[in-house]
Amino acid sequence: MNILSLFVLIPLLMLLGLWIARNLNQVRGVMVAGSSALLVMAVYLTISYISLRNGGAEGEMLFVAEVPWFEPLNINYSVGVDGISVAMLLLSAIIVFTGTFASWKLKPLTKEYFMWFTLLSTGVFGFFISTDLFTMFMFYEVALIPMYLLIGVWGSGKKEYSAMKLTLMLMGGSAFLLIGILGIYYGSGATTMNVVELAQQNIPGWMQNIFFPLVFIGFGVLGALFPFHTWSPDGHASAPTAVSMLHAGVLMKLGGYGCFRVAMYLMPEGLSMWGDFFLVLTTISVVYGAFSAIVQTDLKYINAYSSVSHCGLVLFALLMMTKVSSTGAVLQMLSHGLMTALFFALIGMIYGRTHTRDIRQLNGLMRIMPFLSVGYVIAGLANLGLPGLSGFIAEMTIFTGSFQNPDTFHRVCTIVAATSIVITAVYILRVVGKILYGTCTNSEHLKLTDATWDERLAVICLIFAVAGLGLAPFWVSDMISGSVEPIISHLIH
Amino acid sequence: MEYTLLILLLPLLSFLVLGLAGMRMKHKLAGGIGTFSLAVVALLSYLTAYSYFSLDRTAEGVYPTLQPWNFEWLPFTESLHIDMGILLDPISVMMLVVISTVSLMVHIYSFGYMKGERGFQRYYAFLSLFSFSMLGLVLATNIFQMYVFWELVGVSSYLLIGFYYTKPEAIAASKKAFIVTRFADLGFLVGILIYGYYMGTFTFTPEETNLMGAGMVLPWALGLMFIGGAGKSAMFPLHIWLPDAMEGPTPVSALIHAATMVVAGVYLVARMFPLFIAYAPETLHIVAYVGAFTAFYAAAVACVQSDIKRVLAFSTISQIGFMMVALGVCTSADPHHGGLGYMSSMFHLFTHAMFKALLFLGAGCIIHAVHSNEMSAMGGLRKYMPITHITFLIACLAIAGIPPFSGFFSKDEILTACFQFSPVMGWVMTVIAGMTAFYMFRLYYGIFWGKENKQLHAAHTPRESPLSMTFPLMVLAAITVVGGFIPFGHFVSSDGQSYSIHLDTTVAVTSVIVAVIAIALATFMYAKEKQPVADALKRALPKLWRAAYKRFYMDEIWLFITKKIIFRCISTPVAWFDRHVVDQFLNFMAWSTNAAGEELQPVQSGKIQSYVMCFFGGVVVLTILLLILL
């Protein structure tokens, strides 16, 4: 059996296990066993992918398998991975694993919560292993729907409103997407829905011009493209911790991944017509998100806007259309996924103790919960691009890559986007200074305790990943840039 | 010289050990680990310096540039990649000696100064992190590696300024320091990107063809890099973070904000000097003008400050201005014809690091003794603290430029270089040198002579510091006394060839006369118990005094930009726009869908009558339409 199918099969088995589970310990047992198995699989896949490539394996996708599913429409269950998907699978596995521990003590309806959580991961993993447009779309939907319930039932604050808003906006995006996918399929006149094979077909220029923006926006909504990003602050603010982690950490990456693999790869002519327009939007995203984050007072809002800025950078780098910048975009997806997950995990843990996320009501936490505070500082430093942590290598690859595009307009956009490194520092340090430093004035907070073992495990895993990527970027960078190559060479410069 | 790798690895290891396990250690053990690793680093640095400068010169008469280590850390393209490695050439070896010496002294000194402080282990962890980053910065083999460590020193500085994280001033200062330098780093980064693209490499020695092809781009790239350097080296108007950075522990100020990190900008310009001089001489002169203005401005402000660390901070800014000027006035790479500035700048960097660290550590002893930074709490301390007094005096004489102390020699070379560039520049810098002597002796008399705060000293008698604190003072004082006689030009010069320093008699005599007059004036004004002249001046020029005391309102401008412009005029409207325009538009769409549904709802009433009415109405309309059309 194909190793990739295990990434869907394990979560499905986990669902079954959760369904059978009788008590909390069994639920936890299933989750830990399943998510560790996924993590081990992802690490194994990464190692074997790299060694296969080093061994000279040819072909855009490795571990390819194809099973016909619905012949009349040429729908196949076809899987395969390249360096980009491997990186994303690894990211997803880490986040699912740590997310499990971050929701260790979640109540009520723990079993149901974890069932939806697992279904969501099924969709995510399925999306990244698919090479068939239709199955890709299907898994995409599978990943979106559980979000509604996870926020609506287990969320906080204006959860019904946020859940509805998030779902409607993302569904609106996927409506665009469906039209776009059908357009691609019929436009190419092909007898396949396989992305790699579709890329060899010729879709008429006028059709590309119509369908490119549909697909790009469809995925872009999930990638927090301005002005379709407003689901993100409300959605994150209301979502429970692990859902925020999974959402910002992985789900938003579906957007960037889809834009690259489907919109740009299959419709290069459409890209050359619309590229500059979307570049402006993404540049706005980058700066606008950062500026909005400066004045927020809710910790989750700050990170949601920060995600708008950082995910904007992903799309921005993709639209720069150079090999280096696209590599940077994937690195940024990886890095942003890890550090935002870390951020949301820590915010959730702080909120769980203090019951507030308002930075005006928090201060002096460093003395009270040193472990969580130090973790927060590290997450902050990663976010503002400190060398040695993952943010730096991603941003530097993006900016260096963007500068390889000799067009003046692209250069100006690059310099504008680069200002975000200063603004990021402003909002990160503002929060750190306000909530962690100083003296605690709230007597209630003085009684609080530091992280428990399950929380420590989640935080340490994520810090380890962030630092690992930041200190030894070469192996993952090589893996990604090798896979970016065929897509970039396909584009019109 | 493969062992140079240890110079980087030891502080890093010490940081990791102290950072991960430090909190469970006893203070002495934690401090011991940090100090021991730095002691080994210092020994290795001296060994490196000794063996490097005993190498044979190449055929061109220069010391060879060595790269004992270099590996590709982050690949971008075939030619562009960030490498991590170690580069040994005269200036990097010189910096190695400076950094490890001052850092070791500060490590030893901190044993006494930070004794019993909460977070002692964290302090040593950060010191190790800083030493690692700073050493990595000077040993960088390419501009991007320099940027990597440049950011790391910025963060170590942020962490150390904010060491007392319960103090609001310290939090604000650390934030300000990081953000101002980050803003400058943006310039640096864009400079690097332009440089990388046009030169096709991040190394310091691009291909000749690329250099020729770059044309007008290179001056811009170098100018942008200088902005980064100006931020770290506190050049006007990016200097505003440095005085506030004095909120950190005093030994930190000595190490980071006086001797090493703040001269990183000077080092950067010196590192790019061959390109500056060959392809962007005009940009280099801009460096000189910025440096000269900064030197003057800071000296003027230093004359009226009352917090002793602030005086020293402004003095640092002013002295770095001197180093920048020295680099900027170079007109050729030949030290005999207009290239003297390079050597003198590096020489001054070396001597200044020693005597300024000495001043700060001395100030630390004084603050330790009287528990205040304000000069009003001091006065007459010479009786209580003899060692601090003598060493402080030596440093003051050195910075004032009195022979035979080290500052005289290096400053004299700078002034000579300035006079070679233009007489105006020479005289301006001579005047600023005079101001330096004046404010330093104002400080000296204010602390050790002048009006004693007897009340305070009676309640709490100031005492000399323990040996762990006075020992570094004595070592640095010894270096300050003999440092000027080092044949510096033999090791470092603009074209790499051996250059023997010779004093220009006119310049030397003029500068000494100016310094002596300034010291005499300071003695006349501040040495006695009563200070009628100083008070009269303060009363006569209240506006000027106030403006200088308020540092010519630069901090108010900074607050205006951050609080008013960025916060109120950009961020708040952007956030408002997001919530009330972008988001409301989507809410409006949802609402209009809902409302349309509400409006259309009555149509589906369920009443058969109305359905029948609609049905027949429709039939009639269609029939009429058909009749007309057919």
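These protein sequence lines map, in sequence, to chains Y and X.
Each residue of the first sequence is one higher than the last, beginning at 16 in the working numbering.
Each residue of the second sequence is one higher than the last, beginning at 103 in the working numbering.
No residue lacks a Cβ here, since even glycine has one placed at the ideal position from N, Cα and C.
These numbers were taken from a predicted model, which means no experiment stands behind them.
> If we count the other Cβ atoms within 10 Å of its Cβ and call it buried at 16 or more, is G350/X buried or exposed?
Replying inline: It counts as buried.
> Going by beta carbon distance, what residues of the same chain come within less than 6 Å of G163/X, once the five residues before and after it are set aside?
Replying inline: Answer for G163/X: Q599, listed in chain order.
> Along chain X, in chain order, which residues have C-beta atoms closer than 7 Å to that of P242/Y?
Replying inline: Under the 7 Å cutoff, chain X gives V684.
> Is DSSP giving A80/Y helix, strand or coil here?
Replying inline: Taken through DSSP and simplified to helix, strand or coil, A80/Y comes out as strand.
>> Taking 8 Å as the threshold (beta carbon to beta carbon), is M279/Y in contact with chain X?
In response: False, the Cβ-Cβ gap to chain X never drops below 8 Å.
>> With distance defined between alpha-carbon atoms, name the residue in G503/X, L661/X, G466/X, L370/X nearest to P353/X.
In response: For the residues G503/X, L661/X, G466/X, L370/X, the minimum Cα distance to P353/X belongs to G466/X.
> Under a three-way DSSP split, which group does H183/X fall into?
Replying inline: Three-state result, H183/X: strand.
>> Only counting the same chain, and skipping five residues up and downstream in sequence, which positions put a Cβ closer than 8 Å to that of Q407/X?
In response: Cβ neighbours of Q407/X beyond the five flanking positions: V413, F416, Y651.
> Using a C-beta to C-beta distance shorter than 8 Å, which residues of chain X count as neighbours of Q311/Y?
Replying inline: Within chain X, the residues placing a beta-carbon under 8 Å from that of Q311/Y are A677, ordered along the chain.
> When you compare only the Cα positions, how much space is there between A497/X and F304/X?
Replying inline: Rounded to whole angstroms, the separation of the alpha carbons of F304/X and A497/X is 40 Å.
> Sorted by chain position, which residues of the same chain lie with C-beta nearer than 7 Å to A132/X's C-beta, five sequence neighbours on each side aside?
Replying inline: Here the set comprises L120, G124, F222, Q223, Y226.
> Can you give the Cα-Cα distance for A638/X and D514/X, rounded to whole angstroms?
Replying inline: When rounded, the distance between both Cα atoms is 34 Å.
> Quick one: what's got a C-beta closer than 8 Å to S504/Y's C-beta in the same chain, skipping five residues either side?
Replying inline: Cβ within range, chain order: n/a, list empty.
> Between which two residues does the alpha helix (DSSP H) containing P113/X stretch?
Replying inline: Where P113/X is concerned, the enclosing alpha helix (DSSP H) starts and stops at 106-123.
>> Just verifying my parser: in three-state terms, what is the DSSP assignment at N69/Y?
In response: Three-state DSSP puts N69/Y in a helix.
> Taking the C-alpha atoms as reference points, what is the distance between L442/X and A274/X?
Replying inline: Between L442/X and A274/X, the C-alpha separation is close to 41 Å.
> Do V143/X and A455/X come within 8 Å of each other at the CB atom, strictly closer than that value?
Replying inline: No Cβ-Cβ contact shorter than 8 Å links A455/X with V143/X.
> If contact means a Cβ-Cβ distance below 7 Å, which residues of the stretch 278-299 of chain X contact chain Y?
Replying inline: Answer set for the stretch 278-299 of chain X: F280, I281, R284, F285, L288, L291, V292, L295, G298, Y299.
> Relative to the alpha-carbon of A308/Y, which residue among A473/Y, R445/Y, V47/Y, S107/Y has its alpha-carbon at the smallest distance?
Replying inline: Answer by Cα proximity: R445/Y.
>> I'd like the list of long-range same chain contacts for T490/X, defined as Cβ closer than 6 Å, with 5 residues on each side in sequence excluded.
In response: Once the five neighbours on either side are set aside, the close Cβ partners of T490/X are G464, C467.
>> Against chain Y, which members of the stretch 174-199 of chain X pass a CB distance test of less than 8 Å?
In response: So the close ones are E174, W175, L176, P177, F178, T179, L182, I184.
> For P488/X, does the three-state DSSP call read helix, strand or coil?
Replying inline: Taken through DSSP and simplified to helix, strand or coil, P488/X comes out as helix.
> Which residue or residues does DSSP assign as beta-bridge partners of S145/Y?
Replying inline: Answer by DSSP bridge pairing, in chain order: V94/Y.
> Based on the DSSP secondary-structure assignment, which residues constitute the bridge partners of E174/X?
Replying inline: Paired residue(s): D185/X.
> How would you list, in chain order, the residues of chain X whose beta-carbon sits under 7 Å from the beta-carbon of S492/Y?
Replying inline: Near S492/Y (Cβ distances below 7 Å), the residues of chain X are L176, P177.
> What is the DSSP secondary structure of E349/X, counted as helix, strand or coil?
Replying inline: In this structure, DSSP gives E349/X a helical state, which the three-state scheme calls helix.
> Which residues mark the beginning and the end of the alpha helix (DSSP H) in which D637/X is found?
Replying inline: If you look at D637/X, you'll find it in the alpha helix (DSSP H) that goes 634-642.
> Span of the alpha helix (DSSP H) holding C467/X?
Replying inline: C467/X -> alpha helix (DSSP H) spans 442-472.
> What is the DSSP secondary structure of N378/Y, counted as helix, strand or coil?
Replying inline: Coil at N378/Y, not helix or strand.
> Thinking just about the alpha-carbon of each residue, which of G44/Y, L237/Y, I90/Y, L484/Y is nearest to the one in G187/Y?
Replying inline: Selected option, being the one with the closest Cα: L237/Y.
> Are the CB atoms of V42/Y and A36/Y nearer to each other than 8 Å?
Replying inline: Contact: yes.
>> I'd like the list of long-range same chain contacts for L344/X, defined as Cβ closer than 8 Å, with 5 residues on each side in sequence excluded.
In response: Once the five neighbours on either side are set aside, the close Cβ partners of L344/X are A279, A336, H359, V364, A415, T418, I419.
>> I'd like to know if L688/X contacts chain Y, where contact means its C-beta is closer than 8 Å to some C-beta of that chain.
In response: Using beta-carbon distances, L688/X counts as an interface residue toward chain Y, with a partner under 8 Å.
>> Please identify the residue among V265/Y, S322/Y, V295/Y, M336/Y whose C-alpha is closest to the C-alpha of F275/Y.
In response: The shortest C-alpha to C-alpha distance from F275/Y to any of V265/Y, S322/Y, V295/Y, M336/Y is the one to M336/Y.
> Could you give the distance in angstroms between the alpha-carbon of H604/X and the alpha-carbon of A382/X?
Replying inline: Rounded to whole angstroms, H604/X to A382/X spans 29 Å at the Cα level.
>> Could you tell me the alpha carbon to alpha carbon distance between I99/Y and I478/Y, rounded to whole angstroms?
In response: Within the model, the alpha-carbon separation for I99/Y versus I478/Y is close to 22 Å.
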